[in-house]
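Structure first, then comments.
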Amino acid sequence: MDVGRWPMISGCGRASHDVICVATSSSSFSSTASKPQKRTVIVAVSIRMYSLARTTVARSSITTTARGLAAGRTRFVAGSAASVHTLPDLPYAYDALEPHISAEIMKLHHTKHHQTYVNGLNAAEESYGKATTTQQKIALQSALKFNGGGHVNHSFFWKILAPASSGGGQLADGPLKAAIEKDFGSVDAFKKQFNATTAAIQGSGWGWLGYNKDRKKLEIVTTANQDPLLAPHVPIIGVDIWEHAFYLQYKNVKPDYLAAIWNVVNFKQAETHFRDATK
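This is the structure:
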C-alpha cells in the first residue's frame, strides 16, 4: 500500500481518557501531489482497548474502513464530520446459546439494545462535530460515554460467548486457567467470587475478569451502567448484568443467569485476550 495515502501525524495530546492526535494529508492522498491541499484529521483513541474516532475531511469521496478492538465496525465517511458505527454481526445464530440464553433474549439484545447504542453514538458524534463551543462539547460527554461504552462493551460481549457445541464453557489447561488458579485458588472459587461480586451491582452494569497490567494479576472488577473497563485493567471476560440481558428468561434472579452463562463463555477467546494482555 502506498504510504503516501496515509496522513502525517503532527501532534498528540491527552484529554480525559482519550489521546487526541491531529494529522494532515493532501487532497490527492498522494505523496507526489504537486499542490497538496491540506486537510485536518482528528483521531481520539481511548486507553488500552477502546477507541472513538472523530474525522473531519473536506471535499473528498473516499471512504475508509477502520477497525477497533472489540468496537464492532466503523466507517469513516469523507466529507462528513461524523464516523458511522454499525451493528456487528453475531458469530453464531440467535438460538445457538440455548438453553442457557434464549433466542428471544439474544435477538432483542442484539438488534434492539445494541442497535440503540450504535444509533446514540452516531448521533452524539455528529453533534460533537457540529459543536462550536467548549460548553457544547462538554455537554455531549455523557452521551458519548454511555453510548460509546454500550457499543464497545456489547461488541466485546458477543465474542466472549460461544455455543456449547463449539467449545463454550470449556476452560482447557493453559496460561489462563493457571493464572485463575493462582489468583483465586481454583476455577470454581473464581466463578463463585465473580458471580457474587457481579450480582451485588446496584442497578445496571458489567462484571469483568480483568488483567491488572500494573499488579500483573487477574482481578474481578465491576463497572456501572455502560462504563467500559479501562487501564490499568485489560478485559479478559465481561458479563452484561443489565436486566435486558436476562430478565425475559431468568426474571429478577441474577444468580441463576450468572450460573448459566458459564456454560457458554468462550474461554478460547478469553485465553487469547489473556495472552495478548500479558505479552
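Counting the sequence shown from 1 gives a position; the working numbering is that position plus 18. Think of the CB as a built atom: it goes at the ideal place given N, C-alpha and C, for glycine as much as any other residue.
Review point. Who does G223 pair with in a DSSP beta bridge?
Key: The residue given as residue 223 occupies position 205 in the sequence shown. According to DSSP, G223 bridges with A242.
Point to revise | Inter-residue spacing [alpha-carbon to alpha-carbon] between N165 and N171 | key: Taking the first residue of the sequence shown as 1, we reach residue 165 at position 147. Taking the first residue of the sequence shown as 1, we reach residue 171 at position 153. Using only the alpha carbons, I get a separation of about 10 Å.
Review point. Just to confirm, does P181 get its C-beta within under 8 Å of one of the non-hydrogen atoms of the ligand ADP?
Key: Only the bare structure without any ligand can be found here, which leaves the ligand ADP out of the picture.
Practice item. State the CB to CB distance for the pair H103 and H262, rounded to an integer number of angstroms; the pair is presumed to be in contact (CB under 8 Å). Key: Working through the sequence shown from its first residue, we reach residue 103 at position 85. Working through the sequence shown from its first residue, we reach residue 262 at position 244. Wrong, their Cβ atoms sit about 19 Å apart, outside the cutoff.
Exercise for review: State the beta-bridge partners of P253 as determined by DSSP.
Suggested key: Sequence index remark: in the sequence shown, residue 253 carries index 235 (1-based). According to DSSP, which records beta bridges pairwise, P253 is partnered with G228.
Point to revise | Simplified DSSP state of H103, which is helix, strand or coil | key: Looking up residue 103 in the sequence shown gives position 85. Here H103 sits in strand by DSSP.
Practice item. In the DSSP assignment, find the alpha helix (DSSP H) that holds G138 and state where it starts and stops. Key: Position 120 of the sequence shown, counted from the start, is the residue given in the question as residue 138. Unbroken alpha helix (DSSP H) run through G138: Q133 to K148.
Practice item. Starting from E122, trace the alpha helix (DSSP H) both ways and give me its first and last residue. Key: Stepping through the sequence shown from its first residue, residue 122 is reached at position 104. That run of the alpha helix (DSSP H) goes A121 to L126.
Exercise for review: Leaving aside the five residues before and after Y135 along the sequence, list all residues of the same chain whose C-beta is less than 6 Å from its C-beta, in chain order.
Suggested key: What you label residue 135 is simply residue 117 of the sequence shown in a count that begins at 1. Result list for Y135: N165, G168 and H169, in chain order.
Point to revise | Exposed unless 16 or more other CB atoms sit within 10 angstroms - verdict on T129 | key: As a working note, residue 129 is residue 111 in the sequence shown. With fewer than 16 Cβ atoms within 10 Å of its Cβ, T129 is classed as exposed.
**Study point:** Supposed close pair A182, N281 - CB separation, criterion 8 Å
**Key:** Here the question's residue 182 lines up with position 164 in the sequence shown. Here the question's residue 281 lines up with position 263 in the sequence shown. That pair is a contact at about 6 Å.
Point to revise | Whole-angstrom distance between K209 and N270, CA atom to CA atom | key: Here residue 270 refers to the residue found at position 252 when the sequence shown is read from its first residue. Here residue 209 refers to the residue found at position 191 when the sequence shown is read from its first residue. If I take the Cα positions, the gap works out to 20 Å.
Check your understanding: Taking the alpha carbon of D258 as the point to measure from, which residue in L247, H251 and D191 has its own alpha carbon closest?
Key -> Taking the first residue of the sequence shown as 1, we reach residue 258 at position 240. Cα-wise, what sits closest to D258 is L247.
Review point. The alpha helix (DSSP H) with Y110 in it runs from where to where?
Key: Sequence index remark: in the sequence shown, residue 110 carries index 92 (1-based). Per DSSP, Y110 belongs to no alpha helix (DSSP H) and is neither H nor E.
Review point. With distances taken between CB atoms, is the gap from T240 to G225 smaller than 9 Å?
Key: One-based indexing of the sequence shown puts residue 240 at position 222. One-based indexing of the sequence shown puts residue 225 at position 207. Taking 9 Å as the Cβ cut-off, T240 and G225 qualify as a contacting pair.
Exercise for review: Would you decide whether K272 is buried or exposed? Buried here means 16 or more other CB atoms lie within 10 Å of its CB.
Suggested key: Here residue 272 refers to the residue found at position 254 when the sequence shown is read from its first residue. K272 should be labelled buried.
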